[in-house]
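Trainee: This structure is in structure tokens; I'll ask about it shortly.
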Amino acid sequence: FTVASEDSLAGNVLSMREDAMGKLNGGAPPFEVTDVRTDDLEDGIAKVVEGTFEVPLYLESDQPGALMTFNEAGQPTQSGTFTAPFTCTVPTQAMETGEARPVVYGHGLLGGSGEAASSHVQVTAAELNAVYCGTDAIGLADGDTAFAVQVAGDINNIVPMSDRLQQAIINYLYLGRLMINVNGLATSEEFTTDAGAIALNTIEAYWDGNSQGAILGGAVTAVAQDWTKAVLGVGGMGYSTLLQRSVDFDH
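Residues are numbered in this note's numbering as their position in the sequence shown, beginning at 1, plus a constant of 27.
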């Protein structure tokens with residue numbers, strides 16, 4: 028028997044995608060580099076770059092618990108702008124020879140963008156000559172922990188979490204576009220080779236996510252326009268199982 032339609036499952040996020048990507052008009056979202064770290068890094072890593080980028084917001088506010096906003100036609104409508112964080116791991120080879128693969132990274136349960144600079148990601152980035160960039164999967168990121176506890180106590184509160192996760196999908200799509208568009212990260216000296224060339228290969232992006240980053244990554248990749256290849260690691264289980272084997276379940 029049918030419990031959902033294609034429109035009820037994906038209609039809102041597809042509508043948001045078309046509106047948000049259309050607003051870029053072939054360009055990249057505005058961004059700002061806020062910090063660059065070059066110490067205490069794994070071998071083969073030149074730096075970790077942090078910053079923010081702007082995304083159309085389709086929620087009542089940018090805070091946990093906010094619901095999606097709709098127009099009179101019942102379609103998601105922009106209510107403002109969301110400032111999303113990003114963290115990028117940049118390998119030494121990217122600075123020397125360029126042609127680094129742009130990889131959008133999906134973090135684990137109640138994690139954050141900083142996981143894109145974790146030690147195991149740094150090792151992978153160095154081995155592959157890949158620039159790994161992550162942002163918060165809002166809805167189930169570290170800043171959502173308190174609201175997630177409320178949802179665990181009363182499942183009726185899950186709708187705002189679902190709405191926020193759909194906004195997270197749009198944030199990830201914008202991050203991918205920021206990485207591959209020549210008017211995006213390529214305009215920053217932090218993503219320029221020593222010879223002055225673009226450090227990133229801007230032909231296509233990739234997705235790499237683990238645990239929650241694999242579960243959500245399947246949905247993100249299904250609607251992505253800038254990548255077709257994804258690695259979905261240790262995500263082969265439902266949340267009913269994942270939560271109980273996670274350290275976050277102790278909370």
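Glycine included, C-beta positions come from ideal geometry on N, C-alpha and C. None of these values were measured; they are calculated from a predicted model.
Can you tell me whether DSSP reads residue 277 as helix, strand or coil?
Mentor: Helix.
Trainee: Using CA coordinates, which residue listed in 165, 77, 209 is at the minimum distance from residue 51?
Mentor: Here the closest residue by C-alpha is 209.
Trainee: Kindly identify the DSSP beta-bridge partner or partners of residue 76.
Mentor: According to DSSP, residue 76 bridges with 63, 115.
Trainee: For the alpha helix (DSSP H) containing residue 157, name the first residue and the last one.
Mentor: Note, residue 157: premise wrong, no alpha helix (DSSP H); beta strand (DSSP E) at 157-161.
Trainee: Can you give me the Cβ contacts of residue 61 inside the same chain, cut-off strictly under 8 Å, excluding the 5 residues immediately before and after it?
Mentor: 77, 78, 79.
Trainee: Taking the DSSP output, what are the residues bridged to residue 81?
Mentor: Residue 81 is bridged to 110.
Trainee: Could you tell me whether the region 94-113 touches the region 186-194, where touching means 3 or more Cβ pairs closer than 8 Å?
Mentor: In short, these stretches touch, since the Cβ pair count reaches three.
Trainee: Using a Cβ-Cβ cut-off of 6 Å (strictly less than) and excluding sequence neighbours within five positions of residue 260, which residues of its own chain qualify?
Mentor: 237, 241.
Trainee: One question on the structure: do residue 227 and residue 129 come within less than 8 Å of each other, judged by their Cβ atoms?
Mentor: Yes, these two residues count as a Cβ contact at 8 Å.
Trainee: Determine contact between the region 122-137 and the region 145-159, defined as no fewer than three beta-carbon pairs at a distance below 8 Å.
Mentor: With the cut-off at 8 Å, the region 122-137 and the region 145-159 touch.
Trainee: Rounded to whole angstroms, what is the Cα-Cα separation between residue 287 and residue 98?
Mentor: One cannot answer for residue 287 here, as it falls past the ends of the chain, which runs 28 to 278.
Trainee: Could you give the uninterrupted runs of the alpha helix (DSSP H) lying entirely in the region 198-263, keeping only those of 4 residues or more?
Mentor: You should have 239-250.
Trainee: Under three-state DSSP, which class holds residue 129?
Mentor: Here residue 129 sits in strand by DSSP.
Trainee: Contact defined as beta carbons within less than 8 Å: I believe residue 82 pairs with residue 196. What is the distance between those atoms, to the nearest angstrom?
Mentor: Not quite, the Cβ-Cβ distance comes to about 11 Å (not below 8 Å), so this is no contact.
Trainee: Can you tell me whether residue 66 is buried or exposed? The criterion is at least 16 other CB atoms within 10 Å of its CB, across all chains shown.
Mentor: Under this definition residue 66 is an exposed residue.
Trainee: Taking a contact to mean a Cβ-Cβ separation below 8 Å, would you say residue 112 touches residue 72 in this structure?
Mentor: Not a contact, by the Cβ cut-off of 8 Å.
Trainee: Taking 8 Å as the threshold (C-beta atoms), are residue 168 and residue 138 in contact?
Mentor: Going by C-beta atoms, residue 138 is nearer than 8 Å to residue 168.
Trainee: Looking only at DSSP bridge pairs, what is residue 103 linked to?
Mentor: According to DSSP, which records beta bridges pairwise, residue 103 is partnered with 97.
Trainee: Less than 8 Å between the C-beta atoms of residue 194 and residue 109, yes or no?
Mentor: In contact: residue 194 and residue 109 (Cβ atoms closer than 8 Å).
Trainee: Ordered along the chain, which non-local residues of its own chain (more than five positions away) have a Cβ less than 6 Å from that of residue 171?
Mentor: Excluding sequence neighbours, residue 171 sits near 91.
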